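Working notes, beginning with the structure itself.
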Amino acid sequence: MNITLKKISEKFNVEFIGDGSYEINNVSSIANANENSIIFLSDKNFLKFLDETKSKTVVTTKELSKFCKNNIIVCDNPYLLFAKISQLINKQDKLIYKIHSSVVSYTNDLNKEILIEPNVVIGKNVTIGEKSFIGTNCYIGDNVKISSGAKLFQNVTIYSNVTIGSNVIIHSGTVIGSDGFGYAKENNSWIKIPQIGGVKIGNNVEIGSNTSIDRGALDNTIIGDGVKIDNQVQIAHNVQIGENTAIAGCVGIAGSAKIGKNCSIGGGAGIQGHIEICDNTQITGMSKVSSNIKKAGVYSSGTPLMLNKEWLKNAARFKKLNELFLKYKK
Amino acid sequence: MNITLKKISEKFNVEFIGDGSYEINNVSSIANANENSIIFLSDKNFLKFLDETKSKTVVTTKELSKFCKNNIIVCDNPYLLFAKISQLINKQDKLIYKIHSSVVSYTNDLNKEILIEPNVVIGKNVTIGEKSFIGTNCYIGDNVKISSGAKLFQNVTIYSNVTIGSNVIIHSGTVIGSDGFGYAKENNSWIKIPQIGGVKIGNNVEIGSNTSIDRGALDNTIIGDGVKIDNQVQIAHNVQIGENTAIAGCVGIAGSAKIGKNCSIGGGAGIQGHIEICDNTQITGMSKVSSNIKKAGVYSSGTPLMLNKEWLKNAARFKKLNELFLKYKK
Amino acid sequence: MNITLKKISEKFNVEFIGDGSYEINNVSSIANANENSIIFLSDKNFLKFLDETKSKTVVTTKELSKFCKNNIIVCDNPYLLFAKISQLINKQDKLIYKIHSSVVSYTNDLNKEILIEPNVVIGKNVTIGEKSFIGTNCYIGDNVKISSGAKLFQNVTIYSNVTIGSNVIIHSGTVIGSDGFGYAKENNSWIKIPQIGGVKIGNNVEIGSNTSIDRGALDNTIIGDGVKIDNQVQIAHNVQIGENTAIAGCVGIAGSAKIGKNCSIGGGAGIQGHIEICDNTQITGMSKVSSNIKKAGVYSSGTPLMLNKEWLKNAARFKKLNELFLKYKK
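Chains as they are written, first to last, in the numbering used here: chain A, 1392 to 1721; chain B, 1392 to 1721; chain C, 1392 to 1721.
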């Protein structure tokens, strides 16, 4: 798709400097651009690379625009505008609605306006909204409700009684609705507690690859509208995640934790069970959250990286920290 | 399924207070109960919610029973009894034995009393015990032995030469028997060590979704009877896990680690290779175990969460901890 | 396969002591060996087990050879030689080239010298090199290029536009090419940035089970030749990993991080986005890398394990570490 600078300017209501008839047809990194690429620049430190790019068109801020040449699109948030231009240029192919002949469906009256790839198996009493895509080898359990515009990549597993909102994207290998880790102890052995809750996923949620979201023990596990979840994330039973919260890769969230809206959980962080985290909280990567957070802010735990031989000494002192403190007090 | 209080009382040999002919037909959380729900109460802090529940029947302790009204089932361990009542009420549908026509099996004489869903592929010389369920898109490799009552959810992969005990549950996306991470270094490159051991999984084991259990390098990886493993867990080659140990989500256990019986490993914890952990040990979440544990107890590592701006200062001091200590000594 | 000591000695150009006509037919651990097993010994601490082994043939160093009896193969690196002998003895079955009748391929002219198991789906314009194996239920997206000698175990998902070098092994449940976690914020909601880069995987790479490697946002995610990646690893968009680097289980590498050659990243470590790590760096398990590493060495973070009751006290002091330090300075 080719589009002129002028058209972009009009569509997104932003100013431009340069040749309005200039056509771009791809978005690119600065390094790998060609003459018809559009690039973005929101960080002064990347200015030095501008000389070497083949791109003739940059999206940038007013402030940085004075260092740029050729065609410039000026806006407040170049990254955001770049995202929108990219969506426009990389518009997804229109789905050709078809249910592949190998699909096994125990629901007879599936929507006709969906694309289902080979080897998908669909349980009883399933609904899938129009304009949805279900990739090869997905499994959709009984009583699953999926709204319109869903995109389930290949090899996704949805257990029974899961509800999925509109425009949800789920990447390969992800499992929604597996049993929560719930047992009662009897002497030394474990008695399984039937996990009879479901999972309720809001609208505009995206879930990465190889992530697990467990069904609730009694009530539902709930993922709010607009939540973004990365790869390799573990979300235990009865977790609740507020709207537009973003959860990076390898995060683990234990049972019944309740995370607010607009939070950001850094990669590899762990959230203890039954914890509440208030709206607008930011947890840095690999932090461990083991008590409630009642005030928005940026939170961290852990220790910094150092040479192992120094770390060994400091770590040994950490083991005696309380002792040292008591001595010092005296 | 409807069941009277009296029947429950008789079946589990517990006392009740109230109307023995009262029927319940579901287990529920306090919040979402209806009139025929049974709920449980084992924590004083939840007493305040009792006024608002629609449930007329609670399982609780003798101590807490005096704060309850309507129908009360009195027992020592309400959570355990609740689990058992839930199992009774949510009894699983009896399997209708069938091997779907799309199943490809290189073993001819499969047990007739099993249910195999579509698109399952089964290797040579496989045995699957009666009353087993194999979900859609599972792959069962050559020479795998699965005892009776297995439940493999959809998209499970079992490599060749894996042995699985009776009444084992494995959730979707889990991989059993992948090659261990074993290489010898030659100059700068890695020479693969063929992973020719197997995996031996005991009876009554449950394994969550998207978990990996590697086959042994030479001998077997061994998961003891009654072990419960959550989602997103990594169990490396030649690990041995003792009976009834519970391993929460996102735990990583490196090669040849040996974990005792009745241990509990908190979410996100990491166990170094070749470590031994004795029976009845408890590791808290996100702890790192890098030496043997010879005495049962509760063990932890890490630092507590704090505001990032405070953390930065404390973390900087941690880097100098040994130095500080040496100064102080003088 | 049976092979004599003499043949081994000749093939690998190493010395032996004992009966050159003695035949071995399997590699084994010391404990489970039989008379025809070959075992290895590179650690003095295992000498004590030699008395009880049934093996008559050991691969060891010159130094340790004096404590061994029967047949001895003497070399500098017993583990490496053992790996090579194991590869020789456990030679993989020759593939019988066949594309199963259930395979759905949108590419018509697939190589004839490949083995594709049931229920595999292959997109348009795919190439797969000779002597490759594609396991049951794999999905290979459009425009994927796989060189010769690939081994994709069952249930692997390869998104479109991924390039895979020769002799690459990918274990089950692994996903290559899922979208990176890229969004721009607009007010409180997230705007998806189309992930239009690909993934480029070099030669002789092995990737464990249930690992995720995201496609690049604009340019490619790059995995160098000879890289070994374990299970449950998360590799985000635009990460670059240098040749022969080894990444243990549960590691998370955030977007655009660049890791050098011959590095070793311990299990559960986390690498922050946009970080650069120089060649030959070693990161110990569960460490958090949040700034560039410019000098090769062994690096660590975290705190050691201790009894929880002691940890609680020390951890509380850590929260006041800066305060304590400032007091002390006075």
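A virtual CB, placed ideally from N, CA and C, is assigned to each residue, including glycine.
None of these values were measured; they are calculated from a predicted model.
Pick from 1695(C), 1686(C), 1682(C) that is closest to residue 1684(B), judged by C-alpha positions: Working through the second sequence from its first residue, we reach residue 1684(B) at position 293. Of the candidates 1695(C), 1686(C), 1682(C), 1695(C) places its Cα closest to the Cα of residue 1684(B).
field: Touch test, the stretch 1399 to 1410 of chain B against the stretch 1402 to 1409 of chain C, Cβ-Cβ under 8 Å, three pairs minimum
entry: no
message: Just checking: is the beta-carbon of residue 1418(C) within a distance shorter than 8 Å of some beta-carbon in chain B?
response: For the purposes of this step, residue 1418(C) is taken as the residue at position 27 of the third sequence. Output row for residue 1418(C): interface = yes.
task: For the stretch 1453 to 1477 of chain B, list the alpha helix (DSSP H) runs that are entirely contained and at least 4 residues long, ordered along the chain.
output: 1453 to 1456
task: Could you tell me which residues DSSP pairs with residue 1583(B) in its beta bridges?
output: Translated into positions along the second sequence, residue 1583(B) becomes position 192. Residue 1583(B) pairs with 1574(B).
- request: Give the interface partners of residue 1404(B) over in chain A, defined as CB-CB distance under 8 Å, in chain order.
  value: By one-based count along the second sequence, residue 1404(B) stands at place 13. Under the 8 Å cutoff, chain A gives no residues; its nearest Cβ is about 14 Å from residue 1404(B).
query: How far does the alpha helix (DSSP H) with residue 1716(C) in it reach, from first residue to last?
result: Mapped onto the third sequence, residue 1716(C) falls at position 325. Per DSSP, residue 1716(C) belongs to the alpha helix (DSSP H) from 1712 to 1720.
- request: Mind checking the stretch 1515 to 1527 of chain A against chain C and listing, in chain order, the residues whose C-beta falls within less than 8 Å of any C-beta there?
  value: 1526, 1527
- request: Residues of the stretch 1633 to 1645 of chain B with a CB closer than 8 Å to any CB of chain A: list them in chain order, please.
  value: 1634, 1635, 1637, 1639, 1640, 1641
message: Let me confirm a value: residue 1719(B) is counted as buried when at least 16 other C-beta atoms fall within 10 Å, else exposed. Which label applies?
response: Here residue 1719(B) corresponds to residue number 328 of the second sequence, with the count starting at 1. Its Cβ having fewer than 16 others within 10 Å, residue 1719(B) is exposed.
task: Taking all protein chains shown into account, decide if residue 1483(B) is buried (16 or more other Cβ within 10 angstroms of its Cβ) or exposed.
output: Here the question's residue 1483(B) lines up with position 92 in the second sequence. Counting Cβ neighbours within 10 Å, residue 1483(B) comes out exposed, since fewer than 16 surround it.
message: Strictly below 9 Å CB to CB, what residues from chain A border residue 1597(C)?
response: Taking the first residue of the third sequence as 1, we reach residue 1597(C) at position 206. Residues of chain A passing the Cβ test: none, with the nearest at roughly 18 Å.
query: From residue 1698(C) to residue 1704(C), what does the alpha carbon distance come to, in whole angstroms?
result: Residue numbering aside, residue 1698(C) sits at position 307 when the third sequence is read from its first letter. Residue numbering aside, residue 1704(C) sits at position 313 when the third sequence is read from its first letter. Going from the Cα of residue 1698(C) to the Cα of residue 1704(C) covers about 10 Å.
query: Within 8 Å (strictly less), CB to CB, does residue 1708(B) reach chain C?
result: Numbered from its first residue, the second sequence carries residue 1708(B) at position 317. Yes, because at least one Cβ of chain C sits closer than 8 Å to the Cβ of residue 1708(B).
message: Give me the residue from 1486(C), 1635(C), 1530(C) with the minimum Cα distance to residue 1496(C).
response: For the purposes of this step, residue 1496(C) is identified with residue 105 of the third sequence, where counting begins at 1. The shortest C-alpha separation from residue 1496(C) is found at 1530(C).
message: Going by DSSP, what residue range makes up the beta strand (DSSP E) through residue 1407(B)?
response: One-based indexing of the second sequence puts residue 1407(B) at position 16. Element bounds for residue 1407(B): 1406 to 1408.
message: Our contact map puts residue 1654(C) next to residue 1633(C) with C-beta atoms below 8 Å; I'd like the distance itself, whole angstroms only.
response: Within the third sequence, residue 1654(C) is the residue found at index 263, counting from 1. Within the third sequence, residue 1633(C) is the residue found at index 242, counting from 1. Their Cβ separation, rounded to whole angstroms, is 7 Å, which keeps residue 1654(C) and residue 1633(C) in contact under 8 Å.
message: What are the residues in the stretch 1446 to 1474 of chain C lying within 8 Å of chain B by C-beta distance?
response: 1468, 1470, 1471, 1473, 1474
- prompt: Whose CA, out of 1708(B), 1701(B), 1702(B), lies closest to the CA of residue 1702(A)?
  reply: On the first sequence, position 311 is the one that residue 1702(A) refers to. Looking at the Cα atoms, 1708(B) is the closest of the given residues.
- request: Could you spell out the range, first to last residue, of the alpha helix (DSSP H) harbouring residue 1399(A)?
  value: For the purposes of this step, residue 1399(A) is taken as the residue at position 8 of the first sequence. Residue 1399(A) -> alpha helix (DSSP H) spans 1396 to 1403.
message: Helix, strand or coil, according to DSSP, for residue 1637(B) in the structure here?
response: Reading the second sequence from its first residue, position 246 is the one you call residue 1637(B). Strand.
message: For residue 1673(A), list the residues DSSP reports as bridge partners.
response: Taking the first sequence and counting its residues from 1, the one referred to as residue 1673(A) is at position 282. Answer is 1655(A), 1689(A), bridged to residue 1673(A).
Cutoff 8 Å: residue 1478(B) Cβ touching any chain A Cβ: As a position in the second sequence, residue 1478(B) is number 87, starting the count at 1. It does: the Cβ of residue 1478(B) has a partner Cβ on chain A nearer than 8 Å.
- prompt: Could one say the Cβ of residue 1719(A) lies closer than 8 Å to chain C's Cβ atoms, at least one of them?
  reply: Position 328 of the first sequence, counted from the first residue, corresponds to residue 1719(A). With 8 Å as the cut-off, residue 1719(A) counts as an interface residue toward chain C.
message: Using only CA atoms, which one of 1662(A), 1625(A), 1536(A) lies nearest to residue 1603(A)?
response: Residue 1603(A) sits at position 212 when you count from the first residue of the first sequence. Nearest option by C-alpha distance: 1625(A).
field: residue 1621(B) at chain A interface by Cβ criterion, 8 Å
entry: To locate residue 1621(B), count along the second sequence from 1; it is residue 230. Chain A contact via Cβ: present.
Chain E residues whose Cβ lies nearer than 8 Å to that of residue 1486(C): Absent from the structure: chain E. Protein chains present are A, B and C.
query: Among 1680(A), 1713(A), 1687(A), which residue has its Cα nearest to the Cα of residue 1670(A)?
result: Here residue 1670(A) refers to the residue found at position 279 of the first sequence. Among 1680(A), 1713(A), 1687(A), the Cα nearest to that of residue 1670(A) belongs to 1687(A).
query: So, residue 1616(C) versus residue 1593(C), is the Cβ gap smaller than 8 Å?
result: Mapped onto the third sequence, residue 1616(C) falls at position 225. Mapped onto the third sequence, residue 1593(C) falls at position 202. Cβ distance < 8 Å, so residue 1616(C) and residue 1593(C) count as in contact.
query: At a CB-CB cut-off below 9 Å, which residues of chain C make contact with residue 1574(B)?
result: For this step, residue 1574(B) is matched to residue 183 along the second sequence. Going along chain C in sequence order, the residues near residue 1574(B) (Cβ under 9 Å) are 1474, 1597, 1619, 1637.
message: Run through chain C and tell me which residues come within less than 9 Å of residue 1690(B), C-beta to C-beta.
response: The residue you call residue 1690(B) lines up with position 299 of the second sequence. In chain order: 1696, 1697, 1698, 1699, 1702.
query: Closer than 8 Å, CB to CB, is residue 1432(B) near chain A or not?
result: On the second sequence, residue 1432(B) is found 41 positions in, with the first residue counted as 1. No - not a single Cβ of chain A is within 8 Å of the one on residue 1432(B).
query: Mind checking whether residue 1506(B) and residue 1486(B) have CB atoms under 8 Å apart?
result: Position 115 of the second sequence holds residue 1506(B). Position 95 of the second sequence holds residue 1486(B). Yes, they are a contact pair.
- request: Starting from the C-beta of residue 1450(C), find all residues in its chain whose C-beta is less than 6 Å away, skip the five residues before and the five after it, and write them out in chain order.
  value: Taking the first residue of the third sequence as 1, we reach residue 1450(C) at position 59. Same-chain partners within the cutoff: 1431, 1464, 1469, 1472, 1473.
- prompt: Okay, do the stretch 1509 to 1521 of chain C and the stretch 1533 to 1552 of chain C touch, 3+ Cβ pairs below 8 Å being the bar?
  reply: yes
task: Give the secondary structure of residue 1415(C) by DSSP, where H, G and I count as helix, E and B as strand, and everything else as coil.
output: Position 24 of the third sequence, counted from the first residue, corresponds to residue 1415(C). The answer is strand: DSSP assigns residue 1415(C) an E or B state.
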